[in-house]
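Sequential numbering of the sequence shown, starting at 79, is according to the working numbering.
Down below is the structure, laid out as structure tokens.
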Amino acid sequence: MVQKKKFCPRLLDYLVIVGARHPSSDSVAQTPELLRRYPLEDHAEFPLPPDVVFFCQPEGCLSVRQRRMSLRDDTSFVFTLTDKDTGVTRYGICVNFYRSFQKRMPKEKGEAGAGSRGKDGARASCASEELGTESSESGSSLQPPSTDSTPDVNQSPRGKRRAKAGSRSRNSTLTSLCVLSHYPFFSTFRECLYTLKRMVDCCSERLLGKKLGLPRGIQRDTMWRIFTGSLLVEERSSALLHDLREIEAWIYRLLRSPVPVSGQKRVDIEVLPQELQQALTFALPDPSRFSLVDFPLHLPLELLGVDACLQVLTCILLEHKVVLQSRDYNALSMSVMAFVAMIYPLEYMFPVIPLLPTCMASAEQLLLAPTPYIIGVPASFFLYKLDFKMPDDVWLVDLDSSRVIAPTNAEVLPVLPEPESLELKKHLKQVGEE
Numbered sequence: 079m080v081q082k083k084k085f086c087p088r089l090l091d092y093l094v095i096v097g098a099r100h101p102s103s104d105s106v107a108q109t110p111e112l113l114r115r116y117p118l119e120d121h122a123e124f125p126l127p128p129d130v131v132f133f134c135q136p137e138g139c140l141s142v143r144q145r146r147m148s149l150r151d152d153t154s155f156v157f158t159l160t161d162k163d164t165g166v167t168r169y170g171i172c173v174n175f176y177r178s179f180q181k182r183m184p185k186e187k188g189e190a191g192a193g194s195r196g197k198d199g200a201r202a203s204c205a206s207e208e209l210g211t212e213s214s215e216s217g218s219s220l221q222p223p224s225t226d227s228t229p230d231v232n233q234s235p236r237g238k239r240r241a242k243a244g245s246r247s248r249n250s251t252l253t254s255l256c257v258l259s260h261y262p263f264f265s266t267f268r269e270c271l272y273t274l275k276r277m278v279d280c281c282s283e284r285l286l287g288k289k290l291g292l293p294r295g296i297q298r299d300t301m302w303r304i305f306t307g308s309l310l311v312e313e314r315s316s317a318l319l320h321d322l323r324e325i326e327a328w329i330y331r332l333l334r335s336p337v338p339v340s341g342q343k344r345v346d347i348e349v350l351p352q353e354l355q356q357a358l359t360f361a362l363p364d365p366s367r368f369s370l371v372d373f374p375l376h377l378p379l380e381l382l383g384v385d386a387c388l389q390v391l392t393c394i395l396l397e398h399k400v401v402l403q404s405r406d407y408n409a410l411s412m413s414v415m416a417f418v419a420m421i422y423p424l425e426y427m428f429p430v431i432p433l434l435p436t437c438m439a440s441a442e443q444l445l446l447a448p449t450p451y452i453i454g455v456p457a458s459f460f461l462y463k464l465d466f467k468m469p470d471d472v473w474l475v476d477l478d479s480s481r482v483i484a485p486t487n488a489e490v491l492p493v494l495p496e497p498e499s500l501e502l503k504k505h506l507k508q509v510g511e512e
């Protein structure tokens, strides 16, 4: 597929952090918020889209209570943002993970929840996230347990068990690191985000040996709370500010990186010293050749099998409406992009949305479009759209169960001609087995 995109002089457009400014501990999904952005100013031809927060956290910002962290808690996926006026597509590469937060201590029964709303509510809700060294002056930081409940917890065996269990588990809230770019360097941008995450984690680990007036479990993610703006730091906290400024300087150096010239020049970026990590290479193919495909093109074959995959491709070629769904955001978005790439040398001229967020208001209305489309939705999408009736001309592809569900009034799909069909299936099975 020949690239006919307008050249963008920026390798990265934006780097953003998304989450809940005041996480809730009741396991209810909150509306995602923009916690931090780089750069602070919009680009003239591409302002930062406000909807990006929903694409970073498609099912809302969840806060959970968990006993231990694992590598599986970090997930990454890709989404696209297409300008409806110009047709220009930008790519979002997102890394999601859970970070701990300090649960706000409840007030007396008569006052419980009273400070959570109104003008003073926002201030009250973030007060518990301030540094203990500062709270000695302001009195608005980590609140001690009320005198009514403390004796019971300390003296009762059940209270001791609860306190011990509480120390092993912690409240964690979903947080997103995301890069927006005109260029689909998915794997290298993902590596940049994981490097940034490791840097912030290392800063927090380094703080564990310092006395900041915070519990050890909470102090483990101190730099994340500073980085997301939920923990306030005064000028005298020079070590914390120094780390924050170093991280931000790293981000701005990344944002100033040059763009490779298609088929001529590559760009090598040292995100860390060479003894720690090799430079990341960014390169674009010659514009007269295939476009860059930085994702597993064979993924639909693995998830659906050859026959179901060909059935979906037939629907796309015949310009039917196709909706894919999965619990795995990354598999979902990459499968949509893979199907679009598979029809080469043809070019799909209708709307393509690899990931449509569940939590975005009226997102389901896009499925009522009269034109053909290929849209990916999370598995929970229709569970939260109870009043929505799926159009009777949409083919539903469930990637999790490897099923293709035909609409009620579907036409019978034509059979692929023989012997070409057998030959094609044989080659596709070979690809799936490799």
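Where a beta carbon is used, it is the ideal one built from N, C-alpha and C, also for glycine.
Go to residue i, then tell me how far its beta strand (DSSP E) extends in each direction, as first and last residue.
i: lysine 399; result: 399–404
i: glutamate 111; result: 111–116
i: glycine 170; result: 167–178
Would you report the Cα separation of residue i and residue j, rounded to the nearest angstrom?
i: serine 282; j: threonine 300; result: 6 Å
i: proline 492; j: alanine 107; result: 44 Å
i: glutamate 511; j: histidine 505; result: 10 Å
i: aspartate 321; j: phenylalanine 179; result: 20 Å
i: aspartate 470; j: alanine 488; result: 8 Å
i: asparagine 249; j: isoleucine 171; result: 26 Å
i: glutamine 389; j: phenylalanine 373; result: 22 Å
i: cysteine 86; j: histidine 260; result: 7 Å
i: isoleucine 453; j: leucine 446; result: 12 Å
i: leucine 309; j: cysteine 134; result: 22 Å
i: alanine 122; j: leucine 358; result: 28 Å
i: alanine 109; j: glutamine 508; result: The question names alanine, yet the displayed sequence has threonine at residue 109. For threonine 109 and glutamine 508, the distance between alpha carbons rounds to 45 Å.
i: glutamate 442; j: proline 448; result: 13 Å
i: proline 262; j: cysteine 270; result: 14 Å
i: threonine 164; j: valine 490; result: 36 Å
i: proline 127; j: threonine 158; result: 12 Å
i: valine 401; j: glutamine 356; result: 40 Å
i: arginine 114; j: asparagine 174; result: 15 Å
i: alanine 243; j: tryptophan 302; result: Low confidence applies here, because alanine 243 scores a pLDDT of 48, under 50, leaving its location unreliable; read the following figure in that light. Their Cα atoms are separated by approximately 24 Å.
i: threonine 160; j: threonine 392; result: 25 Å
i: proline 485; j: serine 102; result: 40 Å
i: arginine 405; j: aspartate 151; result: 14 Å
i: aspartate 91; j: lysine 84; result: 14 Å
i: glutamine 403; j: serine 316; result: 48 Å
What three-state label does DSSP hand residue i in the structure shown?
i: threonine 449; result: coil
i: asparagine 487; result: coil
i: serine 340; result: coil
i: phenylalanine 466; result: coil
i: histidine 121; result: strand
i: arginine 88; result: coil
i: glutamine 108; result: strand
i: leucine 494; result: coil
i: phenylalanine 155; result: strand
i: isoleucine 431; result: strand
i: threonine 300; result: helix
i: threonine 160; result: strand
i: leucine 502; result: helix
i: aspartate 471; result: coil
i: glutamate 137; result: coil
i: methionine 415; result: helix
i: cysteine 393; result: helix
i: alanine 439; result: coil
i: glutamate 511; result: helix
i: leucine 444; result: helix
i: leucine 461; result: helix
i: leucine 410; result: helix
Starting from residue i, follow its DSSP beta bridges and name the residues at the other end.
i: aspartate 476; result: Gln403 and Arg481
i: serine 250; result: Val142 and Ser178
i: cysteine 256; result: Val94 and Cys172
i: proline 127; result: Paired residue(s): none; proline 127 is not in a bridge.
i: glycine 454; result: Leu402
Between which two residues does the alpha helix (DSSP H) containing residue i stretch?
i: leucine 274; result: 264–285
i: phenylalanine 132; result: 130–134
Complete runs of the alpha helix (DSSP H) confined to the segment 303–389 [at least 4 residues]: 316–333 and 377–382
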